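The listed protein sequences correspond, in order, to chains A and B. The working numbering numbers the first residue of the first sequence as 6 and each following residue consecutively. The working numbering numbers the first residue of the second sequence as 701 and each following residue consecutively. Glycine included, each C-beta is placed from N, C-alpha and C at the ideal position. Since this is a predicted model, take the numbers as computed values, not measurements.
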Amino acid sequence: MKGFGQGVSSIFFILLALALLIFGRSNNLAVEKSRSAVFNVFVPVLDVLSRPFEAADDLMNWVEEVAVVFSENKRLREENIRLRQLQVTASQLAIDNQRLKKLLNIKEGSITNVATSRVVSDSGSPFVKSVLINSGADDGVRKGQAVVNEEGIIGRTINVGSGSARILLATDINSRIPVKLAASGINMIMEGDNSPDPKLSFLPLGKEIAVGDVVLTSGFGKIFPPDLPVGQVIEITEDQTIRVRLAANMRRLNYVTILNYDIGQNLNKLTLPEEKGQ
Amino acid sequence: MLMKDKNKEIGIRWSFPFLSTILLLLVMVLPYKIAYFDNLMPFLTLIAVYYWSVFKPGLLPISAVFALGLLQDILSGGPLGMMALLLVVVRVIVLNQGRNFLERDFLFNWLVFVLMAFIFGLFSWAVASYYLREAQNFWNILGQSILTIAVFPVVVWLLGLVRAGLKSENR
Chain A
6 MKGFGQGVSS
16 IFFILLALAL
26 LIFGRSNNLA
36 VEKSRSAVFN
46 VFVPVLDVLS
56 RPFEAADDLM
66 NWVEEVAVVF
76 SENKRLREEN
86 IRLRQLQVTA
96 SQLAIDNQRL
106 KKLLNIKEGS
116 ITNVATSRVV
126 SDSGSPFVKS
136 VLINSGADDG
146 VRKGQAVVNE
156 EGIIGRTINV
166 GSGSARILLA
176 TDINSRIPVK
186 LAASGINMIM
196 EGDNSPDPKL
206 SFLPLGKEIA
216 VGDVVLTSGF
226 GKIFPPDLPV
236 GQVIEITEDQ
246 TIRVRLAANM
256 RRLNYVTILN
266 YDIGQNLNKL
276 TLPEEKGQ
Chain B
701 MLMKDKNKEI
711 GIRWSFPFLS
721 TILLLLVMVL
731 PYKIAYFDNL
741 MPFLTLIAVY
751 YWSVFKPGLL
761 PISAVFALGL
771 LQDILSGGPL
781 GMMALLLVVV
791 RVIVLNQGRN
801 FLERDFLFNW
811 LVFVLMAFIF
821 GLFSWAVASY
831 YLREAQNFWN
841 ILGQSILTIA
851 VFPVVVWLLG
861 LVRAGLKSEN
871 R
C-alpha cells in the first residue's frame with residue numbers, strides 16, 4: 006500500500022513539474038511575481054554568504070596587482086601623457102558637438118543613475134546567463150532598465166522584487182541589444198547565444214565589417230542610452246557569423262550600475278527615417 | 701504542512717538533509733565560481749538528492765525534493781520546473797534501486813553516480829534545448845557532469861558529517 010502511495014505521489018510531482026515547464030514558459034505576470042517574491046527572500050542570505058568569497062577574491066586580485074605594480078605604473082604614466090593630449094582635443098570636440106546639436110535641435114534622452122548594487126548570485130548554468138542584484142523596486146529599479154559597469158554594458162533588468170532584481174546578461178540566449186559600429190554608424194543587433202561572445206546580426210548588404218571594429222549601443226530600443234561601450238568585433242567566420250568580445254568582464258561581476266533612460270521626443274522623430282532606409 | 705508537523709515532533713535535526721541541500725544550492729548560485737572553469741558549476745543539488753535518497757529517503761521526501769528543484773529554478777533563473785522534474789526523477793530512480801546501493805561500498809556508489817551524472821546532464825541538456833527552442837552547447841553540460849563527478853567524494857564526505865551528526869544526536 007505504501008509503495009502504491011509513493012508511486013502516486015511520484016507521478017503527481019513529475020506531472021506538476023512538467024505542467025510548470027509547459028505553462029510557466031509564457032511570461033505571465035503571476036509566474037514572474039512569484040519568482041521575484043521567492044528570490045527576494047533569498048537575496049539577503051546570498052548577500053551575506055557571498056561576502057567571504059568576495060573578500061577572498063579581492064585578496065587574490067590584490068596579490069595579482071602587487072605582482073605587476075612596477076610595470077603597471079610605467080604603463081600608466083605613459084598612458085597618462087597620451088590621455089592628457091586627448092583631453093584637450095575631446096573638450097574642443099565636445100563644444101563643437103554641443104553647438105551642432107543645438108543647430109539640429111536634437112533633444113537628448115536623459116540618463117539617470119538609479120542605483121549601484123552588488124551582484125549576489127549568478128545562475129551558474131550553461132543555459133541561462135543572468136545574475137541577481139541586491140537592489141530592487143524600493144531603490145527605484147524597474148523592469149527594462151540598462152545595467153552597466155565602468156567597463157561597458159552588462160545587460161538589462163527583467164524581473165524586479167522589492168529589494169532585489171534579476172538581470173539578463175548580454176550573453177544570454179534571450180538577449181537582443183541594438184548596437185552600432187562606432188566607425189561607420191551601421192546599426193545592427195547583438196544577439197546572445199549563451200556563449201561568452203555574443204553574435205552580431207543584420208549586417209546590411211554591401212556594408213563592410215572588420216575584426217577590431219568597436220561596437221557601441223545605438224540607443225534604439227529605448228533601454229540602453231546611445232554610445233555606451235559594448236565591445237569589439239573579434240571574429241568573422243566564413244558563414245558571416247560575427248562575434249563580439251564584450252568590454253565588460255562578465256566572469257567577474259561585483260558591482261553594477263542601473264541606468265534609467267528617458268528618451269527625448271525629437272530623437273525619436275529624427276531616427277525613424279534612418280532606420281527605414283536600412 | 702504535514703512535513704512541518706512531523707519535523708516538529710522529531711526535532712530540528714531531521715531537517716538537516718533539507719537544510720544541507722539548500723546550503724549546497726545556495727553555493728551553486730554564488731557569483732564566485734571555481735577559477736578557470738568558465739562559469740561551470742557542478743550539480744551540487746544532484747549529489748545531495750542522490751545521497752539523501754540512498755541513505756535517508758524518509759528525511760528528504762519527494763515534496764521536499766520538488767520544492768528544492770523549484771527553488772533552484774527560481775534562483776538560477778532557468779526554465780521553471782526543469783530542476784524540479786530532474787531531481788524528482790532522480791529520487792524516484794534511486795528509491796526503486798536504493799536498497800541495492802545501501803550495502804555497497806563508496807566506490808560502487810560513485811560508479812553508479814558517474815552514470816547518473818551523465819544521464820542527468822544529458823536530460824538537462826535536452827530539456828533546456830527544447831525549452832529554449834535551440835540546441836545548446838553540449839560540451840558545457842558534459843563539463844558540468846564531469847565536474848560533478850569530480851567533486852562527488854568531497855561533497856559526500858561533507859554530507860557524511862551531517863549524517864553522523866544525525867546519528868549521534870539520535871542516541
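Proximity winner among the options, relative to residue i (alpha-carbon distances)
i	options	result
Leu233 of chain A	A:Val219, A:Leu137, A:Val53	A:Val219
Gly769 of chain B	A:Ala22, A:Glu83, A:Arg89	A:Ala22
Val729 of chain B	B:Phe743, B:Phe716, B:Pro717, B:Ser720	B:Phe743
Ile194 of chain A	A:Ile247, A:Ala95, A:Gly114, A:Asn85	A:Ile247
Asn809 of chain B	B:Pro853, B:Leu725, B:Leu866, B:Met783	B:Pro853
Val249 of chain A	A:Ile16, A:Val238, A:Ser55	A:Val238
Gly843 of chain B	B:Met741, B:Ser720, B:Leu724	B:Met741
Asn118 of chain A	A:Ala151, A:Asp177, A:Asp52	A:Ala151
Phe229 of chain A	A:Val216, A:Ser115, A:Gly141, A:Gln97	A:Ser115
Leu771 of chain B	B:Leu723, B:Leu859, B:Phe823	B:Leu723
Asn33 of chain A	A:Ile163, A:Ile191, A:Ile159	A:Ile163
Ala170 of chain A	A:Glu77, A:Leu137, A:Val124, A:Asp202	A:Leu137
Gly217 of chain A	A:Ser189, A:Ala61, A:Asn199	A:Ser189
Pro2 of chain A	A:Gly224, A:Ala72, A:Asn265, A:Gln245	With chain A represented from 6 up to 283, any question about residue 2 of chain A goes unanswered, as that position is not in the structure.
Ser41 of chain A	B:Ser776, B:Ile747, B:Leu746, B:Ile846	B:Ser776
Neighbour flag for residue i against chain B, beta carbons, 8 Å
i	result
Gly149 of chain A	no
Phe207 of chain A	no
Pro49 of chain A	no
Val36 of chain A	yes
Leu54 of chain A	yes
Ser135 of chain A	yes
Ile268 of chain A	no
Gly29 of chain A	yes
Ala72 of chain A	no
Arg40 of chain A	yes
Val153 of chain A	no
Phe18 of chain A	yes
Met6 of chain A	Caution is warranted here: a pLDDT of 44 is assigned to Met6 of chain A, below 50, making its placement in the model unreliable, and no coordinate value can be reported.
Phe5 of chain A	Only positions 6 to 283 of chain A appear in this structure, which leaves residue 5 of chain A out of reach.
Val43 of chain A	yes
Ala22 of chain A	yes
Leu221 of chain A	no
Interface flag, residue i vs chain A, CB-CB below 8 Å
i	result
Pro717 of chain B	no
Val788 of chain B	yes
Asn840 of chain B	yes
Gln836 of chain B	yes
Phe766 of chain B	yes
Tyr732 of chain B	yes
Gly778 of chain B	yes
Ile774 of chain B	yes
Tyr750 of chain B	no
Val814 of chain B	no
Ile762 of chain B	yes
Gly781 of chain B	yes
Val794 of chain B	no
Leu724 of chain B	no
Ala826 of chain B	no
Leu832 of chain B	yes
Val729 of chain B	yes
Ala784 of chain B	yes
C-beta atoms of residue i and residue j nearer than 8 Å
i	j	result
Ile214 of chain A	Leu186 of chain A	yes
Val788 of chain B	Tyr750 of chain B	no
Asn139 of chain A	Asp52 of chain A	yes
Lys756 of chain B	Pro731 of chain B	no
Gly168 of chain A	Asn45 of chain A	yes
Trp825 of chain B	Ile841 of chain B	yes
Ile263 of chain A	Ala120 of chain A	yes
Met782 of chain B	Tyr831 of chain B	yes
Val165 of chain A	Arg147 of chain A	yes
Leu785 of chain B	Ile241 of chain A	no
Ile178 of chain A	Lys212 of chain A	no
Ser15 of chain A	Gly778 of chain B	no
Q | Near-chain B residues of the segment 188-201 of chain A (beta-carbon distance less than 9 Å), N- to C-terminal order | A | Asp198, Asn199, Ser200, Pro201
Q.
To test your reading of the DSSP string, which unbroken beta strand (DSSP E) runs of 3 or more residues are found completely within the segment 209-235 of chain A?
A. 219-222
Q) Any residues in the segment 159-189 of chain A with a beta carbon nearer than 7 Å to a beta carbon of chain B? Which ones, in chain order? A) Arg171, Ile178
Q | Selection of the segment 113-145 of chain A by Cβ proximity to chain B, strictly under 7 Å | A | Val124, Val125, Ser126, Asp127, Ser128, Gly129, Ser130, Pro131, Phe132, Val133, Ser135, Val136
Q. Just by C-beta distance, which residues in the segment 839-861 of chain B are closer than 7 Å to chain A?
A. Asn840, Ile841, Gln844
Q: Would you list, in sequence order, the uninterrupted alpha helix (DSSP H) runs of no fewer than 4 residues that lie entirely inside the segment 79-149 of chain A?
A: none
Q: Note down, one range per segment and in chain order, each alpha helix (DSSP H) of at least 4 residues found wholly within the segment 720-808 of chain B.
A: 744-755, 762-776, 782-802
Q) Name the residues in the segment 85-96 of chain A whose C-beta lies less than 7 Å from a C-beta of chain B; which are they? A) none
**Q.** Ranges of the alpha helix (DSSP H) found wholly within the segment 141-194 of chain A, counting only runs of at least 4
**A.** none
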